[in-house]
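K.L.:
Quick one: this structure, given as structure tokens, is what I'll be asking you about.
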Amino acid sequence: MSGDHDHGDMTNTPVSRLWMALGLTSAFMVAEVIGGFVTGSLALISDATHMLTDAMALAIALVAIKVGRRPADLLRTYGYARFEILAAAFNALLLLAVAFYILYEAYVRLLQPQDIASLGMLGIAVIGLLVNLTSMRLLAGHKDGSLNVKGAYLEVWADMLGSIGVIAGAALIWLTGWSWVDSVVAVGIGFMVFPRTWVLLKECINILLEGVPPGMELAEVELAISTVPGVASVHDLHLWAITQSKASLTAHVVLEEGADAETVRRAVELRLQEKFDLHHTTLQMERVSCAPLERIH
């Protein structure tokens, strides 16, 4: 017995905006790689590497949207929406690998400093900042509805901070001639990756492990069901998410003597919808509990 099933992540995802952001990011990534080698700036190459992960995140998001919109079939009864979570987890792991590479390369350059064309570095970083701000604006209104869009937004956000760091570093190198500043900026960009990537990876792992969705407490949900008139007890309560915005619940609800099963079921579903925004519920109504005594709450 289920409630509304139409609350997936993919239906309102801005595909056209993702394509625009992907085009901007990919084009500037190529320019930044060339500029990094021409100017000798590791910070620019670091930022270009992050641009590559941005482009991959956006491309993965577009693929995930296409796959995720495929309807359920006889083999995958929940459909393909969770492909988005797999893609986001892969992107997070890739981003961590890139960050470790940049840290290693910065260490090598600190031991062997190189000459930096600071003015060229500054000009490219300013263009990169404008590209990042544009991409952020394209994605900002939709980042909370999809983990892939959120992941892409977070990467563009970090790149924006990275571009600011590169601009500051280029100005400092131009004023002082301290080429080691370039490696320090690259390290700073690398370290910015870890907290945001961990948050994204943690969310993905929680969903893949069928964990309770963030912002919900299993005990509160159980209490809400238990206090519905006509409910004697609840057991075998499970709460998880297929994707970030599609939480699901199953439970066995034991009825009080004389209670009407259909009336109680509708009342429980209404409370779950109103209090927890839970629309995908499956409730088994029982006159006699099927659970062992030690499992009845």
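Quick note: the sequence shown, position 275, residue 275 per UniProt numbering, numbers continuous. Idealized CB from N, CA, C, for every residue including glycine.
1) Does the stretch 27-42 come close enough to the stretch 121-135 that 3 or more CB-CB pairs lie under 8 Å?
2) Does the separation of the CB atoms of GLU269 and LEU283 fall below 9 Å?
3) Quick check: the Cα distance between ALA99 and LEU42, rounded to an integer number of angstroms?
4) May I have the straight-line CA-CA distance separating LEU175 from ILE45, to the nearest angstrom?
5) On the DSSP letters alone, give me the boundaries of the alpha helix (DSSP H) that ALA247 sits inside.
6) Rank ASP182, TYR80, PHE194 by C-alpha distance to the C-alpha of ALA106 and give the top, closest one.
7) Identify the continuous beta strand (DSSP E) that holds GLU286 and give its terminal residues.
8) Counting pairs of Cβ atoms below 8 Å between the stretch 48-68 and the stretch 194-213, do you hit three or more?
9) Have a look at ALA261 and VAL253 and give me their C-alpha separation to the nearest angstrom.
10) Quick check on TRP198: buried or exposed, where buried means 16 or more other Cβ atoms within 10 Å of its Cβ?
11) Between the alpha carbons of ALA27 and ASN132, how many angstroms are there, rounded?
12) Who pairs with THR243 in a beta bridge, going by DSSP?
13) DSSP state of ASP236, grouped into three classes?
14) How many Å lie between ILE296 and ALA89 at the Cα?
15) Starting from ASP182, follow the alpha helix (DSSP H) in both directions and report where the run begins and ends.
16) Find the nearest neighbour of LEU22 within the set GLY40, PHE37, ALA57, judged by alpha-carbon distance.
17) So with Cβ pairs under 9 Å, would you call ALA48 a contact of chain D?
18) State the CB to CB distance for the pair GLY169 and VAL193, rounded to an integer number of angstroms; the pair is presumed to be in contact (CB under 8 Å).
19) According to DSSP, is HIS297 part of a helix, a strand, or is it coil?
20) Could you have a look at VAL231 and say whether DSSP puts it in helix, strand or coil?
P.N.:
Taking the geometry as given:
1) yes
2) yes
3) 13 Å
4) 21 Å
5) That residue, ALA247, is in no alpha helix (DSSP H); its beta strand (DSSP E) goes 246-255.
6) ASP182
7) 280-286
8) no
9) 9 Å
10) exposed
11) 12 Å
12) LYS246
13) strand
14) Interpretation of ILE296 is limited by its pLDDT of 43, a score under 50 that renders its predicted location unreliable; no figure is taken from the coordinates.
15) 180-208
16) ALA57
17) No chain D appears in this structure, which consists of one protein chain only.
18) Not quite, the Cβ-Cβ distance comes to about 17 Å (not below 8 Å), so this is no contact.
19) Here HIS297 scores only 45 on pLDDT, less than 50, and its place in the model is too uncertain to base an answer on.
20) strand
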